[in-house]
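A short worksheet on the structure shown next.
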Amino acid sequence: MTRALRIAVADDEPVVREYFRKILPVLGHEVVAVAADGQELVDRCREENPDLIIADVRMPAMDGDQAICHICRDRPTPFILVSAYSKPATIPDGFGSIRWVYLSKPVKRIDLAMAIKQVCGRNGDG
Amino acid sequence: MDERDLFERYQDLQAYVDWTSDDAARIQRARRLIQPRIHLLVDDFYEEIEKHPAAARVITGGAAQVERLKASLSAWLSESLEGRSDADYVARRWRIGRKHAEIGLNSAYVSAAMSRLRNGLLDILADAQLARPNARQSQPRTLSGQFCASVKSINKLLALELAVIQDAYEAEHLKRERLAEQERSEVKFRRLIEAAACMVVILRPDHSIAYFSPYSEALTGYAAAAVTGQDFVMLFIPESTRATIMMHLEATLTGRPTKAYEMPILRRDGTQRWLVWNTQRLEDLDGGAAVLAVGQDVTERRDAQERLLRSERLAGIGQMITGLAHESRNALQRIQACGEMLELEVEGNEEAMRFVRRSQEAQDHLRRLFDEVRGYAAPIQLEHTLCRLDAVWREAWNLLEANRQGRSASLVESTDGADLTVSGDRFRFVQLFRNLFENSLAACTDPAIIQICSRNVQFQQQDALEIRFQDNGPGLSPEARQYVFEPFFTTKMKGTGLGMAIARRIVEAHGGEIAVGDVREAGAEFVVTLPRTIR
Numbered sequence: 003m004t005r006a007l008r009i010a011v012a013d014d015e016p017v018v019r020e021y022f023r024k025i026l027p028v029l030g031h032e033v034v035a036v037a038a039d040g041q042e043l044v045d046r047c048r049e050e051n052p053d054l055i056i057a058d059v060r061m062p063a064m065d066g067d068q069a070i071c072h073i074c075r076d077r078p079t080p081f082i083l084v085s086a087y088s089k090p091a092t093i094p095d096g097f098g099s100i101r102w103v104y105l106s107k108p109v110k111r112i113d114l115a116m117a118i119k120q121v122c123g124r125n126g127d128g
Numbered sequence: 058m059d060e061r062d063l064f065e066r067y068q069d070l071q072a073y074v075d076w077t078s079d080d081a082a083r084i085q086r087a088r089r090l091i092q093p094r095i096h097l098l099v100d101d102f103y104e105e106i107e108k109h110p111a112a113a114r115v116i117t118g119g120a121a122q123v124e125r126l127k128a129s130l131s132a133w134l135s136e137s138l139e140g141r142s143d144a145d146y147v148a149r150r151w152r153i154g155r156k157h158a159e160i161g162l163n164s165a166y167v168s169a170a171m172s173r174l175r176n177g178l179l180d181i182l183a184d185a186q187l188a189r190p191n192a193r194q195s196q197p198r199t200l201s202g203q204f205c206a207s208v209k210s211i212n213k214l215l216a217l218e219l220a221v222i223q224d225a226y227e228a229e230h231l232k233r234e235r236l237a238e239q240e241r242s243e244v245k246f247r248r249l250i251e252a253a254a255c256m257v258v259i260l261r262p263d264h265s266i267a268y269f270s271p272y273s274e275a276l277t278g279y280a281a282a283a284v285t286g287q288d289f290v291m292l293f294i295p296e297s298t299r300a301t302i303m304m305h306l307e308a309t310l311t312g313r314p315t316k317a318y319e320m321p322i323l324r325r326d327g328t329q330r331w332l333v334w335n336t337q338r339l340e341d342l343d344g345g346a347a348v349l350a351v352g353q354d355v356t357e358r359r360d361a362q363e364r365l366l367r368s369e370r371l372a373g374i375g376q377m378i379t380g381l382a383h384e385s386r387n388a389l390q391r392i393q394a395c396g397e398m399l400e401l402e403v404e405g406n407e408e409a410m411r412f413v414r415r416s417q418e419a420q421d422h423l424r425r426l427f428d429e430v431r432g433y434a435a436p437i438q439l440e441h442t443l444c445r446l447d448a449v450w451r452e453a454w455n456l457l458e459a460n461r462q463g464r465s466a467s468l469v470e471s472t473d474g475a476d477l478t479v480s481g482d483r484f485r486f487v488q489l490f491r492n493l494f495e496n497s498l499a500a501c502t503d504p505a506i507i508q509i510c511s512r513n514v515q516f517q518q519q520d521a522l523e524i525r526f527q528d529n530g531p532g533l534s535p536e537a538r539q540y541v542f543e544p545f546f547t548t549k550m551k552g553t554g555l556g557m558a559i560a561r562r563i564v565e566a567h568g569g570e571i572a573v574g575d576v577r578e579a580g581a582e583f584v585v586t587l588p589r590t591i592r
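Sequence lines, in order, name chains A and B. Residues 3 to 128 (our numbering) are what the first sequence spells out, left to right. Residues 58 to 592 (our numbering) are what the second sequence spells out, left to right.
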């Protein structure tokens, strides 16, 4: 069982944002930031310094993977990228030492749970 | 040339050498002198022949034949001295001339022999002349004139005889040469036909087969002897195309050849081969026109084209589906999110929870459909390991446990100790078996029994494993037999109709073959052949 994580989420779909807000606490975590585009995600993460980022790839203003690049330059953070593609088109550079996972939509609760465990592990390292 | 032509020519020759009735009269007078001495001429004639091997070689029958020949020559000489020259006479002399060609005597020797006869005849006349009593010495000129005239007549006679003989000789010789040439040409023709890897048939105007080449025999499975004389159209052309083919044949007979016309023909075993045909009119087959048809087997090329088209179509479908699936994901994500949030809301409300769960199942199904279609169109990349196929199909069977819930279904293995190790992609093999089982389970009513048998076989000169799947369902309709492996073909209400198409793709990616088994009384049979190692 992973310890309670402080998670930042980003998705341009309102329903999906609401979903993360509701489901992640059920899995035992806290949602500390909710963004609707990549730029907002960068700003909110600077404020909150989350343990984990869950972001949609395709978003207005800035894509999720781009946003995470910016964030991790300042402060390496484990992340989960969610996309409509079945596999990564390009793997962002410079993420070598950071743990991350790629999920294909539609993402289920159980997929999230497994991904979080994979990325943040039993010992909660991040 | 007919007898009248021969006689006319002879008369023309007579005019040429200036033959008159006086000559005829002189010959008849000379005959009295010559007749008693003919046997001497004949003996001399054949004595001389024996001295010349080139001439003597035509006499193969020994002394008996020589005796017969002497008698013939004697008769010939006697007859020529009768001074006749009617049409019948000319025809007979002509036949004698032909005989010389038939026995293969060189015509130069005929001329030389004739000259010898001439010398003999003139000697006889001269002897008779010298032996005459010198009664009227006062009239030596007249006697000399008479002698010269007789000599001239003999010369004319022999010239005419020789001309007839040589004429006949030449005619016969030419005829034989033509026949030999025709035979050589026919031999060449047959060799050409036999070497050519295409069907060659010759058809009479009534479509009966006059010639059926050896390659045609091999391709169709019919012996030439069995089909010669039969109607080609009725025997080889599928009913639906007969009218068109007959039109083409008619056109060809009127001199409009057909080029590069693709048309299937039926083999003896009922299968079809596609050939591309050229036809043309033959001027003379037993005195009438005929059709020469040459066809090249293009079945494999057509199959290859079909496969190419299929893969292109697939690529098109794949692209479309990929686009569709991609677009749908966002919508599916929203549905998923709402469904899960709804679940949280209605926790405790059994009825509502039931609806939510069913909605979730439907979504899962939809997602699987997208994955299946995308998987079908995408190129297959294989990872090779050695697989024990019995372990693989048991795993596939277990994966279908959910499908088998509430059903009576059993898997019977009769593998007879065959080696079930095959090199290939284990994941794909599981998929293959799963699709085959699913197909049978969907078709069968309980109790469903699926039987697997396997044996070693040779496939395209490699060691291979043949696996037969038999179920106790209703079997395959003729339509299903033809289309069961086509994508999107399904007789079920559910499903994409891709299961068996994917199965075929997997088998073919491993270099193998999948086919519907022979028609049985009950149930369907599928035969999968997998080479043991992938080349």
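Backbone N, C-alpha and C fix where the C-beta goes; we use that ideal spot for every residue, glycine too. Note that the structure is a prediction, hence the values are computed from the model and not measured.
Closest by C-alpha distance to residue i, when choosing among the options
i        : options                                   : result
GLU124/B : LEU63/B, GLU104/B, ALA112/B and GLU139/B  : GLU104/B
TRP334/B : GLU369/B, GLY327/B and PRO314/B           : PRO314/B
GLU357/B : ASP79/B, ALA419/B and TRP331/B            : TRP331/B
THR79/A  : VAL109/A, CYS47/A, SER85/A and GLU15/A    : CYS47/A
VAL221/B : GLU238/B, SER168/B and ILE259/B           : SER168/B
VAL290/B : HIS305/B, ALA72/B and GLU369/B            : HIS305/B
ARG483/B : GLN438/B, SER511/B, SER497/B and ALA505/B : GLN438/B
ASN529/B : ALA81/B, GLY580/B and ILE374/B            : GLY580/B
ARG111/A : CYS395/B, PHE293/B and SER207/B           : CYS395/B
SER106/A : ALA388/B, ASN492/B, GLN353/B and PHE516/B : ALA388/B
ARG5/A   : GLU32/A, ILE55/A and ASP13/A              : GLU32/A
ARG370/B : GLN420/B, ALA435/B and GLY118/B           : ALA435/B
GLY286/B : TYR268/B, TYR272/B, SER297/B and THR472/B : TYR268/B
LEU70/B  : GLN203/B, LYS213/B and LYS209/B           : LYS213/B
ARG19/A  : VAL28/A, GLY30/A, ALA38/A and LEU29/A     : ALA38/A
VAL207/B : ALA237/B, ALA228/B, LEU231/B and ILE181/B : Correcting the residue identity first, residue 207/B is Ser in this sequence and not Val. Closest option to SER207/B, Cα to Cα, is ILE181/B.
SER99/A  : CYS74/A, ASP14/A, ARG60/A and PRO52/A     : CYS74/A
GLY574/B : GLY568/B, HIS567/B and VAL584/B           : VAL584/B
LEU342/B : ALA505/B, ALA280/B, ASP263/B and ASP360/B : ASP263/B
DSSP bridge partner residues for residue i (one or two, in chain order)
i        : result
SER511/B : ILE524/B
ASN335/B : VAL351/B
THR319/B : Correcting the residue type first, residue 319/B is Glu in the shown sequence and not Thr. Answer is VAL333/B, bridged to GLU319/B.
GLU582/B : GLN527/B
GLU570/B : THR586/B
ASP58/A  : VAL84/A
GLN519/B : PHE516/B
TYR433/B : Its beta-bridge partners do not exist; DSSP assigns none.
ARG8/A   : GLU32/A
LEU342/B : GLY345/B
C-beta contact flag for residue i and residue j at 7 Å
i        : j        : result
VAL36/A  : ARG8/A   : no
VAL109/A : VAL84/A  : yes
VAL244/B : VAL351/B : no
VAL44/A  : ALA63/A  : no
ARG431/B : ALA500/B : no
PHE64/B  : ALA144/B : yes
ILE211/B : ALA347/B : no
PHE494/B : LEU457/B : yes
CYS591/B : SER480/B : In the sequence under discussion, the amino acid at residue 591/B is Ile, which differs from the Cys named in the question. Yes.
GLY154/B : ILE84/B  : no
SER137/B : GLU218/B : yes
ASN513/B : ALA572/B : no
GLU429/B : VAL413/B : no
ALA117/A : ALA57/A  : no
ILE322/B : PHE293/B : yes
Proximity test, residue i beta-carbon vs the ligand COA heavy atom, cut-off 6 Å
i        : result
GLN353/B : Among the components modelled here there is no ligand, and therefore nothing to report on the ligand COA.
key: Short-range partners of chain B found in the segment 19 to 33 of chain A, where Cβ spacing is below 8 Å   = GLU20, TYR21, LYS24, ILE25 and VAL28
inquiry  = Output needed in chain order: residues of the segment 386 to 397 of chain B with a Cβ under 8 Å from some Cβ in chain A.
reply    = ARG386, ASN387, LEU389, GLN390, ARG391, ILE392, GLN393, ALA394, CYS395 and GLU397
request  = Below 8 Å between beta carbons is the criterion; list the residues of the segment 108 to 119 of chain A that meet it against any residue of chain B, in chain order.
outcome  = Closer than 8 Å at the C-beta level to chain B, one finds these residues of the segment 108 to 119 of chain A: PRO108, VAL109, LYS110 and ARG111.
message = Closer than 7 Å between beta carbons: that is the criterion. Which residues of the segment 45 to 63 of chain A meet it against chain B?
response = none
query = Relative to chain B, which residues along the segment 73 to 90 of chain A have a C-beta separation below 9 Å, given in chain order?
reply = VAL84, SER85, ALA86, TYR87 and SER88
Ordered list of alpha helix (DSSP H) runs contained in the segment 260 to 303 of chain B, each at least 4 residues = Whole alpha helix (DSSP H) segments, 4+ residues: 271 to 277, 281 to 284 and 289 to 293.
task = Output, in sequence order along the chain, the residues in the segment 412 to 441 of chain B whose CB is closer than 8 Å to any CB in chain A.
result = Among the residues of the segment 412 to 441 of chain B, those with a Cβ less than 8 Å away from any Cβ of chain A are GLN420, ARG424 and ARG431, in the order of the chain.
Contact set between the segment 4 to 16 of chain A and chain B, restricted to residues whose Cβ is under 8 Å from the partner = GLU15
key: Interfacial residues, the segment 554 to 572 of chain B to chain A, with Cβ spacing under 9 Å   = none
request  = Determine which residues of the segment 296 to 320 of chain B have a Cβ less than 7 Å from any Cβ of chain A, and write them out in chain order.
outcome  = none
ask   = For the segment 456 to 471 of chain B, which residues have a CB atom closer than 7 Å to at least one CB atom of chain A, in sequence order?
value = none
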